[in-house]
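Peer 1:
Number of protein chains: 2
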Amino acid sequence: MPERRRGAALEQALLDAAWDELTAGGYARFTMDAVVKRAGTSPPVLYRRWSDRDDLVRDTLIHVLRKNVLEVPDTGTLREDVLTLLRHINATRFRLITVMSVYLASYHLETGTSPTELLDPADTDRRQAVDAIFARAVARGEAKAEHLTDRIKALPFDLLRHEILTKYAPAPDHVLEEIVDEVFLPLVR
Amino acid sequence: MPERRRGAALEQALLDAAWDELTAGGYARFTMDAVVKRAGTSPPVLYRRWSDRDDLVRDTLIHVLRKNVLEVPDTGTLREDVLTLLRHINATRFRLITVMSVYLASYHLETGTSPTELLDPADTDRRQAVDAIFARAVARGEAKAEHLTDRIKALPFDLLRHEILTKYAPAPDHVLEEIVDEVFLPLVR
DNA sequence: TCGCTTAGAAAGGTTTGTGTATCTAAAGAT
DNA sequence: ATCTTTAGATACACAAACCTTTCTAAGCGA
Numbered sequence: 001m002p003e004r005r006r007g008a009a010l011e012q013a014l015l016d017a018a019w020d021e022l023t024a025g026g027y028a029r030f031t032m033d034a035v036v037k038r039a040g041t042s043p044p045v046l047y048r049r050w051s052d053r054d055d056l057v058r059d060t061l062i063h064v065l066r067k068n069v070l071e072v073p074d075t076g077t078l079r080e081d082v083l084t085l086l087r088h089i090n091a092t093r094f095r096l097i098t099v100m101s102v103y104l105a106s107y108h109l110e111t112g113t114s115p116t117e118l119l120d121p122a123d124t125d126r127r128q129a130v131d132a133i134f135a136r137a138v139a140r141g142e143a144k145a146e147h148l149t150d151r152i153k154a155l156p157f158d159l160l161r162h163e164i165l166t167k168y169a170p171a172p173d174h175v176l177e178e179i180v181d182e183v184f185l186p187l188v189r
Numbered sequence: 190m191p192e193r194r195r196g197a198a199l200e201q202a203l204l205d206a207a208w209d210e211l212t213a214g215g216y217a218r219f220t221m222d223a224v225v226k227r228a229g230t231s232p233p234v235l236y237r238r239w240s241d242r243d244d245l246v247r248d249t250l251i252h253v254l255r256k257n258v259l260e261v262p263d264t265g266t267l268r269e270d271v272l273t274l275l276r277h278i279n280a281t282r283f284r285l286i287t288v289m290s291v292y293l294a295s296y297h298l299e300t301g302t303s304p305t306e307l308l309d310p311a312d313t314d315r316r317q318a319v320d321a322i323f324a325r326a327v328a329r330g331e332a333k334a335e336h337l338t339d340r341i342k343a344l345p346f347d348l349l350r351h352e353i354l355t356k357y358a359p360a361p362d363h364v365l366e367e368i369v370d371e372v373f374l375p376l377v378r
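Protein chains in written order, with the numbering used here: chain A, 1 to 189; chain F, 190 to 378.
#1: Whose C-beta lies closer than 7 Å to the C-beta of A:M1 among residues of the same chain, with five residues either side of it excluded?
#2: Whose C-beta lies closer than 8 Å to the C-beta of A:E177 among residues of the same chain, with five residues either side of it excluded?
#3: Which residue from F:I286, F:P310 and F:L308 puts its Cα closest to that of F:A358?
#4: Near F:R282, which residues of its chain fall below 7 Å by C-beta distance, leaving aside the five closest residues on each side in sequence?
#5: Hey, F:L376 and A:L187 are a contact pair by Cβ (cut 8 Å); roughly how many whole angstroms apart?
#6: F:E371 CB to nearest chain A CB: under 7 Å?
#7: For F:T355, report the span of its alpha helix (DSSP H) as first-last.
#8: Assign F:M190 to one of three DSSP states: helix, strand, or coil.
#9: Identify the contact partners of A:P186 in chain F, using a Cβ-Cβ distance below 7 Å as the criterion.
#10: If I follow the unbroken alpha helix (DSSP H) through A:I62, where does it start and stop?
#11: Write down the C-beta distance between A:E163 and A:A154 rounded to the nearest angstrom, noting that I regard them as a contact closer than 8 Å.
#12: Classify A:E182 as helix, strand or coil using the three-state DSSP reduction.
#13: Answer with yes or no whether the minimum CB distance from F:L354 to chain A is below 7 Å.
#14: Tell me whether F:G196 sits in a helix, a strand or coil according to DSSP, three-state version.
#15: Flag F:R340 as yes if its beta-carbon sits less than 7 Å from any beta-carbon of chain A, otherwise no.
#16: Assuming F:E371 and A:R127 are in contact, meaning their beta carbons sit under 8 Å apart, how far apart are those beta carbons, in whole angstroms?
#17: Using a Cβ-Cβ cutoff of 9 Å, what residues of the region 234-251 of chain F are near chain A? List them in chain order.
#18: CB-CB under 8 Å to A:P43, same chain, minus the five flanking residues each way: which ones, in chain order?
#19: Taking the alpha-carbon of A:T149 as reference, which of A:R48, A:H88, A:V99 and A:R189 has the nearest alpha-carbon?
#20: Just how far apart, CA to CA, sit A:V99 and A:D123?
#21: When you compare the CB of F:D312 with every CB in chain A, is at least one pair closer than 7 Å?
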């Protein structure tokens, strides 16, 4: 049964397979052979596109980051807006955060550089979503502008990231609420 | 020039070499050969003690964790006590935190288990130091006991850990002060 | 329909790391 | 002084992963 994939469709399939390998086994166990097998193809197909492992990992991460765009919630209250964002990140990005961390750590330890250019788009993305939410919250009188320093604005997301990075699992919902109710909201009112 | 190491001294040297390899190249680049070379010995010496790579990594981490014991500061103010602890962790443990994270992530992604038993002693250690500090702060009226939930007590340390895990470098001192003055202290008073 | 591009199979040379076997001589014990 | 243990050197068998080479035939465009 032939049914050969070509061009862009094949490329997507390869990157998806690479991503699955990465999340299934981690960077250390990530091999070209495994990607080839998972994608149901053969080595030359992979090597025609990516010259080596790091090249493929890089593009895989960019590919996944591109597919993950945050939507800005507007529920009417700051609490629900932030919780909605946290829940969305928690549900969709915990694999991404974990793998990125491992990859970036290895990468950094190897090269001494910090490839922030990979993460910057996603970061800017989140910062914009957050600023829109906070502007409305200030307008409604739910938060005071002078309390919204960069650190405070990033705080709930930093704590969620920390939770994911130390537990290697999505955070349970009560933890998200704890972060918002016990730490974040008291600081901005 | 003979001068052969034996017994415990040799074992320490091997574990130190393994730790250096781990921090220099990360878990992914960690090889038995490299440890052998760095320690200036030969394969059988290593294999007589540890049957494989994971075995050695495990013992290396335990070895390093054992050497790292926190002292409880008592400067007279909560702010300085917490800052002192943060500074000490920041200065001595950033390699440990980074490597542990990388190792634990790979380990977890590979095995599906979470080797918390490795980290628990260090964690209990820190919790005790912190509780002693907080008890004095409450007695001095610097913090209210009802604000000191588990999450708040862990907060400055979680934020420092997050900082280290995302930057792969010790945090600059103004970040430590920011964490204490802008986030932690307002929440406990 | 013909022809160009390229997916995918198969096989292999190379490198890198694992773990073992064998031997020598050094350090400490008796 | 002799004996026992074991550090350290060397060599190697084995496996895994890399990446390449060569070939066949499928899919698309002209």
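Ideal placement from N, C-alpha and C gives every residue a C-beta, glycine not left out. Here the structure is a predicted model, which is why all the values come from computation and not from measurement.
Peer 2: Taking the structure as given:
#1: For this step, residue 1 of chain A is matched to residue 1 along the first sequence. Only weak support is given to the placement of A:M1: the predicted model assigns it a pLDDT of 43, under 50, and the value that follows is read from those uncertain coordinates. Excluding positions up to five away in sequence, the list is empty.
#2: Here residue 177 of chain A refers to the residue found at position 177 of the first sequence. Once the five neighbours on either side are set aside, the close Cβ partners of A:E177 are L83.
#3: Reading the second sequence from its first residue, position 169 is the one you call residue 358 of chain F. When each option's Cα is compared against that of F:A358, the closest is F:I286.
#4: Locating residue 282 of chain F in the second sequence gives position 93, counting from the first residue. Correct list, in chain order: N257.
#5: In the second sequence, residue 376 of chain F corresponds to position 187, counting from 1. In the first sequence, residue 187 of chain A corresponds to position 187, counting from 1. At roughly 7 Å, the Cβ-Cβ gap stays under 8 Å, so F:L376 and A:L187 are in contact.
#6: Stepping through the second sequence from its first residue, residue 371 of chain F is reached at position 182. Taking Cβ atoms only, chain A reaches closer than 7 Å to F:E371, which makes this a yes.
#7: Here residue 355 of chain F corresponds to residue number 166 of the second sequence, with the count starting at 1. Element bounds for F:T355: D339 to K356.
#8: If you number the second sequence from 1, residue 190 of chain F lands on position 1. With a pLDDT of only 44 at F:M190, under 50, the local geometry of the prediction cannot be trusted, and no value is derived from it.
#9: The residue given as residue 186 of chain A occupies position 186 in the first sequence. What A:P186 touches in chain F: L376.
#10: Position 62 of the first sequence, counted from the first residue, corresponds to residue 62 of chain A. Unbroken alpha helix (DSSP H) run through A:I62: R53 to K67.
#11: Numbered from 1 along the first sequence, position 163 holds the residue referred to as residue 163 of chain A. Numbered from 1 along the first sequence, position 154 holds the residue referred to as residue 154 of chain A. Going by Cβ atoms, the distance from A:E163 to A:A154 rounds to 14 Å, so no, they are not a contact pair.
#12: Taking the first residue of the first sequence as 1, we reach residue 182 of chain A at position 182. Note: A:E182 maps to helix in three-state DSSP.
#13: In the second sequence, counting from the first residue as 1, residue 354 of chain F sits at position 165. It does; some Cβ of chain A falls within 7 Å.
#14: What you label residue 196 of chain F is simply residue 7 of the second sequence in a count that begins at 1. Of the three classes helix, strand and coil, the one that applies to F:G196 here is helix, per DSSP.
#15: Within the second sequence, residue 340 of chain F is the residue found at index 151, counting from 1. For F:R340, the answer is yes, since a Cβ of chain A falls inside 7 Å of its Cβ.
#16: Start at 1 with the first residue of the second sequence, and residue 371 of chain F comes out as number 182. Start at 1 with the first residue of the first sequence, and residue 127 of chain A comes out as number 127. Actually they do not touch by this definition, with Cβ atoms about 18 Å apart.
#17: none
#18: Translated into the one-based positions of the first sequence, residue 43 of chain A becomes position 43. Answer for A:P43: M32, D33 and V36, listed in chain order.
#19: Walking along the first sequence from the start, residue 149 of chain A turns up at place 149. The option with the nearest alpha carbon to A:T149 is A:R189.
#20: The residue labelled residue 99 of chain A in the question sits at position 99 within the first sequence. The residue labelled residue 123 of chain A in the question sits at position 123 within the first sequence. So the alpha carbons of these two residues sit roughly 16 Å apart.
#21: Here residue 312 of chain F refers to the residue found at position 123 when the second sequence is read from its first residue. Judged by the 7 Å Cβ criterion, F:D312 is not in contact with chain A.
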